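J.: In the working numbering, the protein residues as written are 1 to 411. Glycine is no exception: its CB is placed at the ideal position from the N, C-alpha and C atoms. Predicted model only: the values in this text are computed from it and were never measured.
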Ligand code: SF4
């Protein structure tokens, strides 16, 4: 998802004073977030992986097992510092990475104990942990479920060894099925599988087979993304050097259309451009992102959004471990009213529920960019990329294929 353009924080502090005059923010404690607030979500980033997959630009480092304990010690102090900034029960927790399931089981016990001791957590919390299929064990799952984890998001990506090799993913596809069975046996009822399509060399038949293999495991939720070539990844370098060829746009569109049709046939509802769920299984944590709600972030490289402020903890493990209290931050942004509305429109139209006409009108009437945005929406309504349905504006099936360009115009 494209990040909104940064806006000068000097103009935007709530007390009217310039943050830059005071000094640049070193940590979230320096931001004018207001008094402790009720938060909706918590994201925790575990930065360790076996090795770096070639398409990945998430912050992660190769794990040598030597810094896991120091990292968890520091994470616990990060929890304590974060708890000073929120009150009320946290509704969703998402522990991602990296490869969270690489953490030693004893460290997971410590992490989960600290989480419960530090934060008030809603009794109906959605608590997700991301898992690599190679690292899921019955012992770990028992610790996770005892610690309140009730959703597992498994990075399957593909069931085709050639496609996994192209991505430089190191897992045996058979371990996806093993992980799902172990998770079900441990009592985890809500399981997501992440899949990637449009991998170089992949055909429509290959992708259809991947999708059918995933469905045969009876997941509750599927995230299906077309392969992204992020700047400076080894995959993008190979693309630029002509060592691989990306899937052409028509093939990628066919794969996406097949995903929409096949998952609808299997009883899944598409609720976001790249996300499908069985009824009642939408990912509540990701919905926070798309509804621009508030969430706090712990761990290096983790991004937060609270009361209109966005920031990211510095993505450096050593600096994180050496710190205390709240970690150092970067990429601090605060959108003005116009930017906030543009972002809200962009995020809400990614959701298949769309946006009610009355809400759309009030957003478009609030700032001077409204007429330009309305013209863009009207053009896409005429082109059949957006539609009005039950007094709601939303993407059409054809619009979903061009969703990124539609929502970017609204920024
Ligand atoms: S396992 Fe996930 S986070 Fe780690 S390098 Fe691979 S894609 Fe990135």
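Do you know whose CA, among 157, 137, 201, 167, lies nearest residue 185's CA?
T.: Comparing Cα-Cα distances from residue 185 to each of 157, 137, 201, 167, the minimum goes to 137.
J.: Going by the CB atoms, is the gap between residue 326 and residue 114 shorter than 8 Å?
T.: Not closer than 8 Å, so no.
J.: Are there 16 or more other CB atoms within 10 angstroms of the CB of residue 23, so buried, or fewer, so exposed?
T.: It is exposed - the Cβ of residue 23 has fewer than 16 other Cβ atoms within 10 Å.
J.: Leaving out five residues on either side along the sequence, give the residues of the same chain with a beta carbon under 6 Å from the beta carbon of residue 263.
T.: Contacts found: 276.
J.: Rounded to whole angstroms, what's the CA-CA distance from residue 321 to residue 330? Just pull it up for me.
T.: So the two alpha carbons sit approximately 17 Å from each other.
J.: Among 298, 341, 340, 352, which has the Cα closest to the Cα of residue 328?
T.: Measuring from the Cα of residue 328, the nearest candidate turns out to be 298.
J.: Provide the residue span of the alpha helix (DSSP H) that contains residue 309, from first to last.
T.: Segment 309-313 is the beta strand (DSSP E) holding residue 309; no alpha helix (DSSP H) there.
J.: Which runs of the beta strand (DSSP E), 3 residues or longer, sit entirely within the stretch 120-156?
T.: List check, beta strand (DSSP E) in window: 121-131.
J.: So, do the stretch 94-106 and the stretch 39-55 have three or more beta carbon pairs nearer to each other than 8 Å?
T.: The stretch 94-106 is in contact with the stretch 39-55.
J.: Can you give the beta carbon distance from residue 220 to residue 192, rounded, assuming they're within the 8 Å contact cut?
T.: About 7 Å separates the two Cβ atoms, so the contact holds.
J.: Could you name the residues whose beta carbon sits closer than 6 Å to any heavy atom belonging to ligand 1, keeping them in chain order?
T.: Listed along the chain, these residues meet the criterion: 49, 52, 53, 56, 58, 60, 97, 98, 99, 132, 155.
J.: Quick one: what's got a C-beta closer than 6 Å to residue 391's C-beta in the same chain, skipping five residues either side?
T.: Counting only Cβ-Cβ distances below 6 Å, and skipping sequence neighbours, we find 357.
J.: Let me know if residue 85 comes out buried or exposed under the rule of 16 or more other beta-carbons within 10 Å of its beta-carbon.
T.: It is buried - the Cβ of residue 85 has at least 16 other Cβ atoms within 10 Å.
J.: Classify residue 379 as buried or exposed, calling it buried when 16 or more other Cβ atoms lie within 10 Å of its own Cβ.
T.: By the 10 Å Cβ count, residue 379 comes out exposed.
J.: First and last residue of the beta strand (DSSP E) that includes residue 199?
T.: No beta strand (DSSP E) holds residue 199; DSSP gives it neither H nor E.
J.: Quick one: what does DSSP say residue 21 is sitting in, helix, strand or coil?
T.: Here the model assigns residue 21 a pLDDT of 48, short of 50, so the residue's position is not dependable, and the following value carries that caveat. Residue 21: helix per DSSP, three-state reduction.
J.: Considering only C-alpha positions, which residue in the set 133, 69, 203 is nearest to residue 178?
T.: For residue 178, the nearest C-alpha among the options comes from 133.
J.: If you reduce the DSSP assignment to three classes, tell me which class residue 365 lands in.
T.: In this structure, residue 365 counts as coil in the three-state DSSP scheme.
J.: Short check: CB of residue 310 to CB of residue 337, under 8 Å?
T.: For residue 310 and residue 337, no; Cβs fall outside 8 Å.
J.: Could you say which of 315, 323, 101 lies nearest to residue 50 if we only look at CA atoms?
T.: For the residues 315, 323, 101, the minimum Cα distance to residue 50 belongs to 101.
J.: Just to confirm my understanding: we take residue 355, look at its own chain, exclude 5 residues before and 5 after, and list those with CB closer than 6 Å. What are they?
T.: If we look at residue 355 and ignore the five residues flanking it on each side, its Cβ neighbours are 348, 393.
J.: Under the three-state reduction of DSSP, which class applies to residue 232: helix, strand or coil?
T.: In this structure, residue 232 counts as coil in the three-state DSSP scheme.
J.: By the DSSP assignment, the alpha helix (DSSP H) with residue 79 in it spans what residues?
T.: First-last of the alpha helix (DSSP H) with residue 79: 68-83.
J.: Grouping DSSP H, G and I as helix and E and B as strand, with all else coil, what is residue 189?
T.: Looking at residue 189 - three-state DSSP - the assignment turns out to be coil, as it is neither helix nor strand.
J.: Sorted by chain position, which residues of the same chain lie with C-beta nearer than 8 Å to residue 402's C-beta, five sequence neighbours on each side aside?
T.: Closer than 8 Å at Cβ, skipping near neighbours: 385.
J.: Considering Cα atoms alone, identify which of 353, 55, 340 is closest to residue 366.
T.: Considering only alpha carbons, the answer is 340.
J.: At the level of alpha carbons, what is the spacing between residue 282 and residue 166?
T.: If you take the alpha carbons of residue 282 and residue 166, they lie about 30 Å apart.
J.: Quick one, which of 215, 242, 302, 195 has its alpha-carbon nearest residue 256's?
T.: Taking only the C-alpha atoms, the option nearest residue 256 is 195.
J.: Evaluate residue 205 with the Cβ neighbour count: other Cβ atoms within 10 Å of its Cβ, from every protein chain shown; 16 or more gives buried, anything less gives exposed.
T.: With fewer than 16 Cβ atoms within 10 Å of its Cβ, residue 205 is classed as exposed.
J.: Span of the beta strand (DSSP E) holding residue 258?
T.: Premise fails: residue 258 lies in the alpha helix (DSSP H), 249-265, not in any beta strand (DSSP E).
J.: Assess, as a yes-or-no matter, whether the stretch 157-164 is touched by the stretch 105-124 under the definition of 3 or more beta carbon pairs within less than 8 Å.
T.: In short, these stretches do not touch, since the Cβ pair count stays below three.
J.: Please report the Cβ distance between residue 202 and residue 247, rounded to the nearest whole angstrom; I am assuming they are in contact, meaning their Cβ atoms lie under 8 Å.
T.: Sure, about 7 Å apart at Cβ, within 8 Å.
J.: For residue 208, collect the residues of the same chain with a Cβ closer than 8 Å to its Cβ; drop the 5 residues on either side in sequence, then sort them by chain order.
T.: 258, 262, listed in sequence order.
J.: Given this structure, state the Cα-to-Cα distance separating residue 228 from residue 210, to the nearest angstrom.
T.: Cα-Cα distance, rounded: 18 Å.
J.: Measuring alpha carbon to alpha carbon, tell me which of 274, 350, 143 ends up nearest residue 183.
T.: Nearest option by C-alpha distance: 143.
J.: Can you tell me which of 104, 75, 293, 352 puts its alpha carbon nearest to the alpha carbon of residue 260?
T.: Ranking the options by Cα distance to residue 260, first place goes to 352.
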